[in-house]
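Here is the structure we will look at, set down as structure tokens.
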């Protein structure tokens, strides 16, 4: 079920700020506190928020959200990320696109890019690109995860090992500030690692909300990523990890956004800048 616009804004604010308060939200959206409480209750029932006294906080659980909820969550941010990531992929190249709602947005943005060989373990990516001309589409074999159309398991790993591509487009369920890229399903993690190992350049796509979540399994470290495309400046510790490993960070910001860092920290952190692409 689609998340209503006001609830989507509330959820995005909770994930960006760490918590939201009923009275502040009521004033911000010009509705009654009772209306906001109903919104928060709806989001809690979806497993996206957890209620606290006077408000709510993001639900940092050890299980993933449903695919339909993930697809609607931060949809504008994912669209911008998809456009910015697709700009890194030239015509006449090969790539693997992994499972994920953000990687699917990259596929949409590549629809008109010519002469691509696209390998994927995501049935949704094939559906997105199936009407696109001048592309060779290759779907991995393996176990179909019916919840989201992802193809996982050892058969998928063995299939992907046959290739060496120019680019890998990968997502994550959570990002740790120490630079760890995390997920929930060990079968998906095995496939993601294989995709990364068999690509010359790796593009990680993830919205800022992934810093508010936790997941139990490590896919890789930020050190193996070449480009990180997100929608807002990452936390200082994660940014420093990107700097140490020479990761290109691109911010697919909304129109009018700037690269200012509003937060305490060292002079270096306060002055850090990013490549901002207003999309």
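Numbering (full-length UniProt numbering), first residue to last: 1 to 279.
C-beta: ideal position from N, C-alpha, C; glycine also.
In DSSP terms, what residue i is bridged to
i           : result
residue 112 : None, per the DSSP bridge assignment.
residue 228 : 204, 249
residue 221 : 180
residue 94  : 117
residue 164 : Beta-bridge pairing links residue 164 to no other residue.
Delimiting residues of the alpha helix (DSSP H) encompassing residue i
i           : result
residue 234 : Residue 234 -> no alpha helix (DSSP H), and no H or E assigned at all.
residue 82  : 75-86
residue 172 : Per DSSP, residue 172 belongs to no alpha helix (DSSP H) and is neither H nor E.
residue 11  : 5-17
Endpoints, the beta strand (DSSP E) within which residue i is located
i           : result
residue 25  : No beta strand (DSSP E) contains residue 25, which is instead part of the alpha helix (DSSP H) from 22-29.
residue 212 : Note, residue 212: premise wrong, no beta strand (DSSP E); not H, not E.
residue 191 : Premise fails: residue 191 lies in the alpha helix (DSSP H), 186-197, not in any beta strand (DSSP E).
residue 51  : 49-52
Cα-Cα separation, residue i to residue j
i           : j           : result
residue 140 : residue 228 : 25 Å
residue 169 : residue 91  : 15 Å
residue 154 : residue 222 : 24 Å
residue 175 : residue 235 : 10 Å
residue 243 : residue 178 : 12 Å
residue 22  : residue 85  : 36 Å
residue 209 : residue 80  : 14 Å
residue 268 : residue 54  : Note that residue 268 scores 40 on pLDDT, short of 50, meaning its location in the model is unreliable and no value can be drawn from it.
residue 87  : residue 185 : 29 Å
residue 15  : residue 95  : 31 Å
residue 233 : residue 251 : 7 Å
Selection from the options that minimises the alpha carbon distance to residue i
i           : options            : result
residue 10  : 73, 68, 79, 67     : 73
residue 4   : 36, 17, 21, 22     : 36
residue 199 : 172, 124, 110, 89  : 89
residue 18  : 49, 43, 57         : 57
residue 145 : 136, 158, 124, 130 : 124
Own chain partners of residue i with C-beta closer than 6 Å, once the 5 adjacent residues on each side are dropped
i           : result
residue 67  : 147, 148
residue 241 : 179, 222
residue 143 : 152, 153
Beta-carbon contacts of residue i that lie in its chain and below 7 Å, excluding the five residues immediately before and after
i          : result
residue 28 : none
residue 46 : 69
Near the ligand GTP: residue i beta-carbon under 7 Å from a heavy atom
i           : result
residue 250 : In the structure shown, the ligand GTP is absent, as is every other ligand, since no ligand is present at all.
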